[in-house]
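Heads up: the structure comes next, in structure tokens.
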Amino acid sequence: MTALRIRHVNKSFSRSAPVLNDINLSIAPGELVGLIGASGSGKSTLIRLISGFETIDRDEGEIEILGQKVQSGGKRLIAARNVRRDVGVIFQQFNLVNRLSLLTNVLLGRLGRVSRLRGTIGLFSIEDRIRALRALERVGIVDLARQRASTLSGGQQQRAAIARALTQEARLVLADEPIASLDPKSADVVMGLLCEINRRDKVTIVVSLHQIDYAFQYCSRILALKDGRIVHDGSPHDIGEEALRAIYGIEDTNARRALRPAKQDMAIAMPPETDAAGMRFPTKRRPETAL
1 MTALRIRHVN KSFSRSAPVL NDINLSIAPG ELVGLIGASG SGKSTLIRLI
51 SGFETIDRDE GEIEILGQKV QSGGKRLIAA RNVRRDVGVI FQQFNLVNRL
101 SLLTNVLLGR LGRVSRLRGT IGLFSIEDRI RALRALERVG IVDLARQRAS
151 TLSGGQQQRA AIARALTQEA RLVLADEPIA SLDPKSADVV MGLLCEINRR
201 DKVTIVVSLH QIDYAFQYCS RILALKDGRI VHDGSPHDIG EEALRAIYGI
251 EDTNARRALR PAKQDMAIAM PPETDAAGMR FPTKRRPETA L
């Protein structure tokens, strides 16, 4: 069984030129795949199609996730509802509910695994709360569990989004430019966490990135999009300067230098691995919002 299979997928908006054109790919369970390309190449649209936020064009295209067909002929299929609980999505702008506490935001990852009534009234079990706290401990921000999401920094909010996917028990994680708004140190932390989850939990991860240095450093497989088509699928070591110039449409003879963001070299900051015995819970204090 593949984690993700896409066959002959096209996507157009209105009568404009296709944003995606005949996309075909297969991703095995446990892969960490980087999606690169210039702005407008179709990266975010592809992520949105896989996650179900957009539907493919009405043609022969199909999307299959975790062995179940979720889109075909321009329609979402019934199986998509069942698969959704196993697919976590991490957005560039974090997508947290600012007025809710960090813990409550992370607990929202359980909505696909509890009854509709419990989810509607926010009635989460002790087991759910322990799972959420463990996820927060794992990403290094459990001490902030009672704070409102609006008080967190960008890096902390993105770590919260990763904790939400862990709490969800997602088998496939889609990350749409998760480090685009972060400083270099926070970006290293977030990418390090995604790698750790991929390695330790065998979660399949597809991450779109503008920064090719991060894609080459953290991803074992690179998919490059240009004008809505896949123009490279393979190891980052197989992408040379000429290919990068073609993908990004740049003239600099040193493509990697031209595409590298201005930043200092920083060590990857990885949170310590913990288990239930070594877990630290947040100190009791007055919450800033009702749980």
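In full-length UniProt numbering, the protein residues as written are 1 to 291.
Just so you know, even glycine gets a beta-carbon here, dropped at the ideal spot from N, CA and C.
What did DSSP end up calling residue i once you bin it into helix, strand or coil?
i	result
residue 95	coil
residue 14	coil
residue 104	helix
residue 265	Bear in mind that a pLDDT of 40 at residue 265, under 50, signals an unreliable position, so the number given afterwards is only what the model happens to contain. Note: residue 265 maps to coil in three-state DSSP.
residue 56	coil
residue 142	helix
residue 3	coil
residue 296	Any answer about residue 296 is impossible in this case: the structure gives the chain only from 1 up to 291.
residue 162	helix
residue 150	helix
residue 133	helix
residue 50	helix
residue 36	strand
residue 19	coil
residue 90	strand
residue 192	helix
residue 125	coil
residue 298	Given that the chain is displayed from residue 1 to residue 291, the structure contains no residue 298 and the question cannot be resolved.
residue 180	coil
residue 78	coil
residue 250	coil
residue 85	coil
Please classify residue i as buried or exposed, where buried requires at least 16 other C-beta atoms within 10 Å of its C-beta.
i	result
residue 237	exposed
residue 123	exposed
residue 101	buried
residue 58	exposed
residue 51	buried
residue 98	exposed
residue 67	exposed
residue 150	exposed
residue 27	buried
residue 270	Note that residue 270 scores 42 on pLDDT, short of 50, meaning its location in the model is unreliable; the coordinates nonetheless yield the value given after this. With fewer than 16 Cβ atoms within 10 Å of its Cβ, residue 270 is classed as exposed.
residue 242	exposed
residue 131	buried
residue 17	exposed
residue 1	exposed
residue 126	exposed
residue 159	buried
residue 78	exposed
residue 177	buried
residue 164	buried
residue 186	buried
residue 263	Note that residue 263 scores 49 on pLDDT, short of 50, meaning its location in the model is unreliable; the coordinates nonetheless yield the value given after this. With fewer than 16 other Cβ atoms within 10 Å, it is exposed.
residue 60	exposed
Quick one: what's residue i bridged to in DSSP?
i	result
residue 73	DSSP lists no partner for residue 73.
residue 31	Answer by DSSP bridge pairing: none, since residue 31 is not bridged.
residue 204	172
residue 26	5
residue 63	6, 71
residue 42	DSSP output for residue 42 lists no bridge partner at all.
residue 111	According to DSSP, residue 111 bridges with nothing at all.
Closest Cβ-Cβ distance between residue i and chain B: below 9 Å?
i	result
residue 163	Absent from the structure: chain B. Only one protein chain is present.
Subject >> Sufficient close CB pairs (3 or more, under 8 Å) joining the segment 231-249 to the segment 69-81 >> reply: Counting Cβ pairs under 8 Å, fewer than three are found: no touch.
**OP:** Determine contact between the segment 157-170 and the segment 214-229, defined as no fewer than three beta-carbon pairs at a distance below 8 Å.
**Re:** no
Subject >> Cβ contact (3+ pairs, closer than 8 Å) linking the segment 202-211 and the segment 25-35 >> reply: yes
Original post:
Pairing CB atoms from the segment 9-17 with CB atoms from the segment 40-57, are three or more of them under 8 Å?
Top reply: Touching, yes.
**OP:** May I ask you to verify whether the segment 172-179 touches the segment 128-141, counting CB pairs closer than 8 Å and requiring at least 3?
**Re:** Cβ pair count under 8 Å is below three, so no.
**OP:** Would you mind listing the beta strand (DSSP E) stretches within the segment 213-245 that are 3+ residues and don't spill past its ends, in chain order?
**Re:** 221-226, 229-234
Subject >> Three CB pairs or more closer than 8 Å across the segment 80-91 and the segment 35-42 >> reply: no
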